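Number of protein chains: 2
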Amino acid sequence: MFKKILIAEDFQDTNKGIVDALENRFHIESIQEELYCDKAYNRFKVAFMNGEPYELLITDLYFKESHVDRRLTSGKALIEAVRGIDPNVKVIVNSMVDNPVEINPLFTDQKINGYVCKGRNSLNELIDALQEVRQNRTYVSPQINLNGANSIIEMDKYDLMILKDLSEGYTKKEISARLRAKNISPNSESTIDKKVSRLFDEFGAKNTHHLIAKLIKQGRI
Amino acid sequence: MFKKILIAEDFQDTNKGIVDALENRFHIESIQEELYCDKAYNRFKVAFMNGEPYELLITDLYFKESHVDRRLTSGKALIEAVRGIDPNVKVIVNSMVDNPVEINPLFTDQKINGYVCKGRNSLNELIDALQEVRQNRTYVSPQINLNGANSIIEMDKYDLMILKDLSEGYTKKEISARLRAKNISPNSESTIDKKVSRLFDEFGAKNTHHLIAKLIKQGRI
DNA sequence: GGATCCCTTACAGATTTCCGTAAGGGAATT
DNA sequence: AATTCCCTTACGGAAATCTGTAAGGGATCC
Numbered sequence: 079m080f081k082k083i084l085i086a087e088d089f090q091d092t093n094k095g096i097v098d099a100l101e102n103r104f105h106i107e108s109i110q111e112e113l114y115c116d117k118a119y120n121r122f123k124v125a126f127m128n129g130e131p132y133e134l135l136i137t138d139l140y141f142k143e144s145h146v147d148r149r150l151t152s153g154k155a156l157i158e159a160v161r162g163i164d165p166n167v168k169v170i171v172n173s174m175v176d177n178p179v180e181i182n183p184l185f186t187d188q189k190i191n192g193y194v195c196k197g198r199n200s201l202n203e204l205i206d207a208l209q210e211v212r213q214n215r216t217y218v219s220p221q222i223n224l225n226g227a228n229s230i231i232e233m234d235k236y237d238l239m240i241l242k243d244l245s246e247g248y249t250k251k252e253i254s255a256r257l258r259a260k261n262i263s264p265n266s267e268s269t270i271d272k273k274v275s276r277l278f279d280e281f282g283a284k285n286t287h288h289l290i291a292k293l294i295k296q297g298r299i
Numbered sequence: 079m080f081k082k083i084l085i086a087e088d089f090q091d092t093n094k095g096i097v098d099a100l101e102n103r104f105h106i107e108s109i110q111e112e113l114y115c116d117k118a119y120n121r122f123k124v125a126f127m128n129g130e131p132y133e134l135l136i137t138d139l140y141f142k143e144s145h146v147d148r149r150l151t152s153g154k155a156l157i158e159a160v161r162g163i164d165p166n167v168k169v170i171v172n173s174m175v176d177n178p179v180e181i182n183p184l185f186t187d188q189k190i191n192g193y194v195c196k197g198r199n200s201l202n203e204l205i206d207a208l209q210e211v212r213q214n215r216t217y218v219s220p221q222i223n224l225n226g227a228n229s230i231i232e233m234d235k236y237d238l239m240i241l242k243d244l245s246e247g248y249t250k251k252e253i254s255a256r257l258r259a260k261n262i263s264p265n266s267e268s269t270i271d272k273k274v275s276r277l278f279d280e281f282g283a284k285n286t287h288h289l290i291a292k293l294i295k296q297g298r299i
């Protein structure tokens, strides 16, 4: 089993629960917990420099804000940072997010090794995940279905620009004019309409309000 | 210290963290954990009937849905149910909610005895809360400011309900109907219009898209 | 060359939003 | 009792959104 594990999780009770469970189950030599991404990153870096690298990072996705200035504010940023130091470190994400749209890119872009969805059985799942990842396999909580038809949604820069403008209160007519002013094509009101309507289907949104709310909550806008 | 404690919390890791921490700190005779509100309620009821009532309920506010049919689906409902059995039982809520607008009614309506906001110090706060509540005092996590609720922009539960519905894609006509279905007044489309328009001014939003985006980014919805 | 597919754009109609005006009712004040 | 204030509600019109249909253009394939 892994000998050195680093845990980044900002809720103290959850953090303790994970540490206790892993220690009881595996008798791992060194489990270190951190409440902040930055502190986790520093600890990871120092250990790597000293030739005693962590073998596994278990991290949450979202961290509460705090009075402390933070450079890394999300699990995604933390993963990218530690992979910048040690591209081979294993990563398991432990979060309450259950939306495949959000989880899938973690595997394809961040190349994480496991995803555990917090819930009524997540400690047991985390233990399973450790064993799978240890043997170079990936793990995903069984209730998550990554193969869902729309799980990979391509949202390019163009779509993003429109959605950002919408969320800032511009009407589609205004957005059309803004695109023309930037010499960006296509830019007709009709096309913008179509683009947004297509996103309704892909994200399962009833209307623009719903779509904006979903995307902001997912941190995509 | 309390001798019998019941914990309702659906995340297994959090659940375990709390139980371990309390057992380490207090050596309480009986700590029982449940992952579902209904199960917690049943356990509470049986213990009360047998003349061995729980003295304290520690509960989360929101519970994940599951395949199991659930009668009680929220901490609020659970609190009301157990208070129906034993009006004097102490209650501490342990949740990630940090919005005073949502927390305040728990004290005024549900008469809870303590509120601990999940975070980087919440296990220690929970221990403090237990000691305070044990001595018939109330406890609130220090970072929560229940009095300053109005110092920012007053947004009451009613406004919140409307905005949440809007962000979920309901039209104002639908929201009007939903309010009527819940016997909540006022509920006319016109009034909802006015409420939202007032929020445009207060938050400096151009339209509903903009307002929803701002509020979600501020974590108010 | 012709058929096909996809993207852009225009347009039209139904619905919804946004905003102003105004009427009515209840509570408080004078 | 009368006035004032605030909240709720109704209504109407302009603007915006949402949805479907259709025309045109470019790229690809046979």
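These protein sequences, in sequence, are chains R and H. Note that the numbering used here has the first sequence beginning at 79, numbered continuously upward. Note that the numbering used here has the second sequence beginning at 79, numbered continuously upward. For glycine and all other residues, C-beta sits at the position ideal for the given N, C-alpha and C. Bear in mind the structure is a predicted one, so any value in this text is a computation, not a measurement.
Which residues DSSP lists as bridging residue i, in chain order
i, result
"isoleucine 205/R", "Answer is none; isoleucine 205/R lacks a bridge partner."
"glutamine 110/H", "Leu84/H"
"valine 218/H", "Tyr193/H"
"tyrosine 119/R", "Note: tyrosine 119/R sits in no beta bridge, so no partner."
Segment limits, beta strand (DSSP E) that includes residue i
i, result
"serine 173/H", "168-173"
"lysine 155/R", "The sequence shown places alanine at residue 155/R, not lysine. First-last for alanine 155/R: 153-163, but that is the alpha helix (DSSP H), not the beta strand (DSSP E)."
"valine 194/H", "192-195"
"isoleucine 136/R", "134-137"
Residues near residue i in its chain [Cβ-Cβ closer than 7 Å; skip 5 each side]
i, result
"isoleucine 230/R", "Unreliable positioning characterises isoleucine 230/R in this predicted model, as indicated by a pLDDT of 42, which lies under 50. A coordinate reading is not provided."
"lysine 123/R", "Ile163"
"leucine 139/R", "Ser152, Gly153, Lys154, Val171, Ser173 and Val175"
"arginine 212/H", "Met79 and Phe80"
"isoleucine 106/R", "Met79, Phe80, Lys81, Ile83 and Leu100"
"lysine 142/H", "Asp88"
Of the residues the options, the one placed nearest residue i, counting alpha carbons only
i, options, result
"glycine 162/R", "Tyr119/R, Tyr193/R and Glu130/R", "Tyr119/R"
"proline 220/R", "Gly192/R, Ile106/R, Asp116/R and Met239/R", "Gly192/R"
"lysine 235/H", "Pro178/H, Gly95/H and Val160/H", "Pro178/H"
"valine 146/H", "Leu113/H, Val175/H, Met174/H and Arg121/H", "Leu113/H"
"tyrosine 217/R", "Val169/R, Gly282/R, Ala99/R and Lys284/R", "Val169/R"
"isoleucine 83/H", "Asn285/H, Gly129/H, Ile136/H and Asn93/H", "Ile136/H"
"lysine 81/R", "Lys189/R, Arg215/R, Leu208/R and Arg121/R", "Leu208/R"
"lysine 273/H", "Lys260/H, Ile190/H and Asp237/H", "Asp237/H"
"arginine 215/R", "Arg198/R, Ser200/R, Ile190/R and Ala259/R", "Ile190/R"
"leucine 204/H", "Glu143/H, Arg149/H, Phe89/H and Arg103/H", "Arg103/H"
"isoleucine 223/H", "Val194/H, Asn202/H and Ser268/H", "According to the sequence displayed, residue 223/H carries asparagine and not isoleucine. Per the Cα distances, Val194/H."
"aspartate 88/H", "Phe278/R, Leu277/R, Lys196/R and Tyr248/R", "Lys196/R"
"lysine 284/R", "Glu210/H, Cys115/H and Tyr248/H", "Tyr248/H"
Opening and closing residue of the alpha helix (DSSP H) in which residue i lies
i, result
"valine 97/R", "90-104"
"arginine 256/R", "250-259"
"serine 245/R", "235-245"
"lysine 295/H", "286-295"
"lysine 273/H", "267-281"
Own chain partners of residue i with C-beta closer than 6 Å, once the 5 adjacent residues on each side are dropped
i, result
"glutamate 101/R", "none"
"valine 180/R", "Residue identity differs from the one stated: residue 180/R is glutamate in this sequence, not valine. Cβ within range, chain order: Gln296."
"alanine 125/R", "Pro131 and Tyr132"
"histidine 288/R", "none"
"asparagine 265/R", "Ser254, Leu257 and Arg258"
"asparagine 228/R", "Here asparagine 228/R scores only 40 on pLDDT, less than 50, and its place in the model should not be relied on; the value that follows carries that caveat. Counting only Cβ-Cβ distances below 6 Å, and skipping sequence neighbours, we find Glu280."
"serine 200/H", "Val194"
CB-CB length for residue i against residue j, believed under 8 Å
i, j, result
"leucine 156/H", "alanine 86/H", "6 Å"
"glycine 95/R", "threonine 92/H", "6 Å"
"glutamine 90/R", "arginine 149/H", "So it is not a contact: roughly 31 Å between Cβ atoms."
"aspartate 98/H", "aspartate 271/R", "Incorrect: roughly 55 Å between the Cβ atoms, too far for contact."
Cut-off 8 Å between Cβ atoms - residues of its own chain near residue i, not counting five sequence neighbours on either side
i, result
"glutamate 158/H", "Gln188"
"serine 263/R", "Leu257"
"isoleucine 299/R", "Leu238, Leu241, Lys242, Ser245, Ile290 and Leu293"
"glutamate 252/R", "Asp243"
Residue i beta carbon near the ligand GTP (any heavy atom closer than 6 Å)
i, result
"glutamate 203/H", "Looking for the ligand GTP in the displayed structure turns up nothing, as the structure carries no ligands at all."
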